[in-house]
Amino acid sequence: MEERLESSGLLFEPRAVEMVLKRCFKVPHLAMRFFDWVKLRDEFSHTTETYNTMLYIAGEAKEFAFVEKLVEEMEASSCQKNLKTWTILISHYGRAKLIGKALLVFEKMRHSGFKPDFAVYSEILRALCVARNADVAMEFYKEMVLKEMNPSLGLYKTLLNCIAITGDADAVHLIADDMVRFLQIPENTVYGLVLKSFCISGKITEALEMIRIIKNRGLSFGPEQYGTLVKGLCRAGRVEDALEILDIMKRRNLTDGDIYGMIVNGYLQKKDVSRALDLFQNMKENGHVPSRSTYTALIQTLLQSKEYEKGRELFDEMLERGVEPDSVAFMAIVAGHVSHDNVSEAWRMFKVMEEKGIKPTHKFYSVFINELCKKARNNEIIKVLNEMRASKVVIGNKVFQRVICHLEKKGEMETLEKVRKLQEADKLSFQDAEELHTLSKGEHFTESSFSQPHLRLTGSDSAAASSPAYSEDDVKEVSKILMSSSDWSLIQEALEKLSMKFTPSSVLAVLHDCKIHGHTALNFFNWVGKQEGYSHTTETYNMAIKIAGCGKSFRHMRSLFYEMKRNRILITPHTWTIMIMVYGRTGLTEVALKVFNEMESSGYQPTRSTYKYLIVSLCGRKGRKVDRAVKLFHEMVKRDYVPDKELIETYVSCLCATDRLLDATRCVEYLGKVGFTTELRYALYVRALCRNGKLEEAQKLMNEIGADREKLNTYVYGSIVHGLLRKGQFKEALDKVEEMKRVGINPTVHVYTSLINHFFKEKQIEKAVEILDKMQMEGCEPTVVTYSAVIRGYMNAKKVDQAQAVFTKMRDKGPFPDFRTYSIFIDCLCKAGRSEAALKLMSEMFDRGIAPSSVNFRTVFFGLNREGKRGLAQTVLQQKKALVRRRQFVT
Numbered sequence: 001m002e003e004r005l006e007s008s009g010l011l012f013e014p015r016a017v018e019m020v021l022k023r024c025f026k027v028p029h030l031a032m033r034f035f036d037w038v039k040l041r042d043e044f045s046h047t048t049e050t051y052n053t054m055l056y057i058a059g060e061a062k063e064f065a066f067v068e069k070l071v072e073e074m075e076a077s078s079c080q081k082n083l084k085t086w087t088i089l090i091s092h093y094g095r096a097k098l099i100g101k102a103l104l105v106f107e108k109m110r111h112s113g114f115k116p117d118f119a120v121y122s123e124i125l126r127a128l129c130v131a132r133n134a135d136v137a138m139e140f141y142k143e144m145v146l147k148e149m150n151p152s153l154g155l156y157k158t159l160l161n162c163i164a165i166t167g168d169a170d171a172v173h174l175i176a177d178d179m180v181r182f183l184q185i186p187e188n189t190v191y192g193l194v195l196k197s198f199c200i201s202g203k204i205t206e207a208l209e210m211i212r213i214i215k216n217r218g219l220s221f222g223p224e225q226y227g228t229l230v231k232g233l234c235r236a237g238r239v240e241d242a243l244e245i246l247d248i249m250k251r252r253n254l255t256d257g258d259i260y261g262m263i264v265n266g267y268l269q270k271k272d273v274s275r276a277l278d279l280f281q282n283m284k285e286n287g288h289v290p291s292r293s294t295y296t297a298l299i300q301t302l303l304q305s306k307e308y309e310k311g312r313e314l315f316d317e318m319l320e321r322g323v324e325p326d327s328v329a330f331m332a333i334v335a336g337h338v339s340h341d342n343v344s345e346a347w348r349m350f351k352v353m354e355e356k357g358i359k360p361t362h363k364f365y366s367v368f369i370n371e372l373c374k375k376a377r378n379n380e381i382i383k384v385l386n387e388m389r390a391s392k393v394v395i396g397n398k399v400f401q402r403v404i405c406h407l408e409k410k411g412e413m414e415t416l417e418k419v420r421k422l423q424e425a426d427k428l429s430f431q432d433a434e435e436l437h438t439l440s441k442g443e444h445f446t447e448s449s450f451s452q453p454h455l456r457l458t459g460s461d462s463a464a465a466s467s468p469a470y471s472e473d474d475v476k477e478v479s480k481i482l483m484s485s486s487d488w489s490l491i492q493e494a495l496e497k498l499s500m501k502f503t504p505s506s507v508l509a510v511l512h513d514c515k516i517h518g519h520t521a522l523n524f525f526n527w528v529g530k531q532e533g534y535s536h537t538t539e540t541y542n543m544a545i546k547i548a549g550c551g552k553s554f555r556h557m558r559s560l561f562y563e564m565k566r567n568r569i570l571i572t573p574h575t576w577t578i579m580i581m582v583y584g585r586t587g588l589t590e591v592a593l594k595v596f597n598e599m600e601s602s603g604y605q606p607t608r609s610t611y612k613y614l615i616v617s618l619c620g621r622k623g624r625k626v627d628r629a630v631k632l633f634h635e636m637v638k639r640d641y642v643p644d645k646e647l648i649e650t651y652v653s654c655l656c657a658t659d660r661l662l663d664a665t666r667c668v669e670y671l672g673k674v675g676f677t678t679e680l681r682y683a684l685y686v687r688a689l690c691r692n693g694k695l696e697e698a699q700k701l702m703n704e705i706g707a708d709r710e711k712l713n714t715y716v717y718g719s720i721v722h723g724l725l726r727k728g729q730f731k732e733a734l735d736k737v738e739e740m741k742r743v744g745i746n747p748t749v750h751v752y753t754s755l756i757n758h759f760f761k762e763k764q765i766e767k768a769v770e771i772l773d774k775m776q777m778e779g780c781e782p783t784v785v786t787y788s789a790v791i792r793g794y795m796n797a798k799k800v801d802q803a804q805a806v807f808t809k810m811r812d813k814g815p816f817p818d819f820r821t822y823s824i825f826i827d828c829l830c831k832a833g834r835s836e837a838a839l840k841l842m843s844e845m846f847d848r849g850i851a852p853s854s855v856n857f858r859t860v861f862f863g864l865n866r867e868g869k870r871g872l873a874q875t876v877l878q879q880k881k882a883l884v885r886r887r888q889f890v891t
């Protein structure tokens, strides 16, 4: 395409380029490539208009890294931003729920001398409301009013819902009064909206106060407002109060079936079935026809509470009254018939359902089979399985496992064989469906694909057998959808439009890609688990448990674990290990130990990994329990689990830090018995001693080794040099380096990094840079730790530009900055009075998949406050709240 553009002989002018970009709106990646290509032409320079068009396209495509690149290019090329530029940036950041960035751009816009208009304020206000940032939203709203900018009715409703959640009645009344004054809406309508907002938010006290205000003002209170209040009261469990409202409505002839249905459901939620039935009967006596949802809720409750005859009578009544049941009602009655050994009636209901054109769902079939298993009706189970196949419903592994488990317990080997054959047939039909799906997507096959049918992918010899059972493109598409927004309703809408068939392996890949977006990932896990033909596996549950734990949603993590039990998903030692690991990593070692004990008491044997993660967490600074760690290490050894290098490093370092050198020595001796070389085990010990300031003990240990000392020097002298430098013994450290050079051992990256760190601390900047250049010339590549030391050194010397250059080099060419590098740079920037740059860096962290810590947020918050930037400091708190919401699963 570039060659054709080059040879076209066209003269590219800004206006023409702008028009071309607009034509490429639906193919943003082509627009980006064209934009980058045309700017390289000698006779062309981008204008504010072309940048604005490209910013809009990139923002719509959620390509925010490219958006930031464009902004940087504008600044570098001195291309002036106009009001439209700022509006585009704020609009797209706001819609993508990147609140911190939107507010940051807003502040920059004002500092640049531009006055935000109505569109900008509306976008930011809407984004803040959706993100539930009520306080900040209210401040922006007040600014709008002062500037005589009146929000639309839709935006007012969004603002009301947001503020109502906080229970701030004064703020809600202020908004209501403004709606009446500015939008010229009748007071009755406005206060109806306020009432609805309070009820939706569960703020019943405030809702009742609103009714008192409505009455005092002599405003009408109609069926719609009564319905809103009744629904809110029932949701809050205040059914008696809802009944009082019903009596008032009766006196005013305002009742209908919907109001009764709400209260019936309220009683059912409280498990008060008798009063629900009484009200249901009263409803019919007053001439109201119950809705389908009311009938269904009652039928389900009666059948579950063993009131079989009542439930059956109610279902028959439902049909007689002409209220059409849905699949949920049929599912309840079929399950009820089977549980009472009336299988023939269950099949009759199944046929009635089909005659009415209601297609049984996968869940319907699953419930049917589950009830048949309870009653050991094996022939009927086979019949349902055949029905599923005839209806082209993929049965799935979960259903088959339930049936197979039941038949194995009963010893029904003949029937079991039939089920296994059905399972194989179901797998083949599922593969065929996958192949048809692939063909429908336009995959091309060679002639040999059809001429060699015996080369199917069924064995380990197949070339493709090891490839994942999903399309990488499909996984990327789903991951992109999940990361495109923080509004689950929008994400769900996009997912519903996909045609892909989810498999456990594809779901696992998606969860892995989106693990940092914990809230969205767990919503996706719940959603996909309800899709027809799909069932979660142990592996997908384990990943979901890990995501919930890493986001500190511990209650949801346990909920998923119990869900596994309920759904009879195989719980493995790895499942327990994940929970132990996440509790331990957050310093909740007491809880981790409790889970470990629970694991053993439940009959599960801890694995090597279980011991490793538990001991590592017990040795950490947060929640340290050394005695318990030592006990568990001995227990691990008795079980013949050999610890790995990572565990030994952590364990021995902890023992050295707490002066338990006898235990450390015993550990090193044990390592020799299980195959660790002398060099490795003593190197780990010496390093641990040096890191914990025990240089004398390390040197004494080296003297005791004897003949192996020369070999060991190769491994440990870097640690000794580091220890000497930490003690301030610079001359001895250099002597050690020279000593090793004389015997042909060149300095390692560890030694060079220690020297660079030392020279920066001593303010010998040129010497530190000289060491950095020297190590690169000798072919010793700096690591992330090395560059982090350089960044800190430059920042401490107030050489911010040099530090930024090193960081940019890392970001562009590697080694890529890790969490520690970002934290060091953020801390140094704030100390240097550059907290706004640190704020931007924190946003970049998350974009690169690194979650900022509470310490990072606190550092930037205090830095901005010190610099008098209190507005920006508040955005830091909002960003932190937003991050918690993105990572945690909140029901």
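In full-length UniProt numbering, the protein residues as written are 1 to 891. Quick reminder that beta carbons are idealized off the backbone N, C-alpha and C, glycines included. Since this is a predicted model, take the numbers as computed values, not measurements.
Which residue marks the beginning of the alpha helix (DSSP H) containing residue i, and which one marks its end?
i	result
Phe525	518-529
Arg252	Where Arg252 is concerned, there is no enclosing alpha helix (DSSP H), given that its DSSP letter is neither H nor E.
Val273	273-285
Val17	14-23
Asn542	538-550
Val384	378-390
Gly863	854-866
Gly192	187-200
Gly744	Per DSSP, Gly744 belongs to no alpha helix (DSSP H) and is neither H nor E.
Cys828	819-831
Thr158	153-166
Arg181	169-183
Gln729	Element bounds for Gln729: n/a, residue is neither H nor E.
Please state whether DSSP places residue i in a helix, a strand or coil.
i	result
Glu148	coil
His750	helix
Val71	helix
Ser553	coil
Lys351	helix
Thr503	coil
Thr85	helix
His46	coil
Lys115	coil
Pro28	helix
Cys690	helix
Tyr226	helix
Arg514	The question names Arg, yet the displayed sequence has Cys at residue 514. Coil, per DSSP.
residue 894	The shown model of the chain, from 1 to 891, leaves out residue 894, and the question about it has no answer.
His454	Note on His454: pLDDT 29, under 50, position unreliable in the model; the coordinate value appears next. If DSSP states are grouped into helix, strand and coil, His454 belongs with coil.
residue 911	Not covered by the structure: residue 911. The range shown for the chain is 1 to 891.
His406	helix
Use the C-beta contact count for residue i: other C-beta atoms within 10 angstroms, 16 or more gives buried, fewer gives exposed.
i	result
His92	buried
Asn133	buried
Gln184	exposed
Asn386	exposed
Ala469	Since pLDDT at Ala469 reaches only 49, below the 50 mark, its modelled position is unreliable, and the value read off the structure follows with that caveat. With fewer than 16 other Cβ atoms within 10 Å, it is exposed.
Thr205	exposed
Gly868	exposed
residue 892	The requested residue 892 is not part of the displayed model; the chain covers only 1 to 891.
Val403	buried
Notebook entry, point to check: What alpha helix (DSSP H) runs, 4 residues minimum, are completely inside the UniProt repeat "PPR" (572-606)?
Noted result: 573-585, 589-601
Check: Can you list, in chain order, the stretches of the alpha helix (DSSP H) that have 4 or more residues and sit fully within the segment 630-684?
Finding: 645-657, 661-673
Next item on the list: Give, in chain order, every unbroken run of the alpha helix (DSSP H) that is at least 4 residues long and sits entirely within the segment 279-330.
Entry: 292-304, 308-320
Item checked: Ranges of the alpha helix (DSSP H) found wholly within the UniProt repeat "PPR" (748-782), counting only runs of at least 4 -> You should have 749-761, 765-777.
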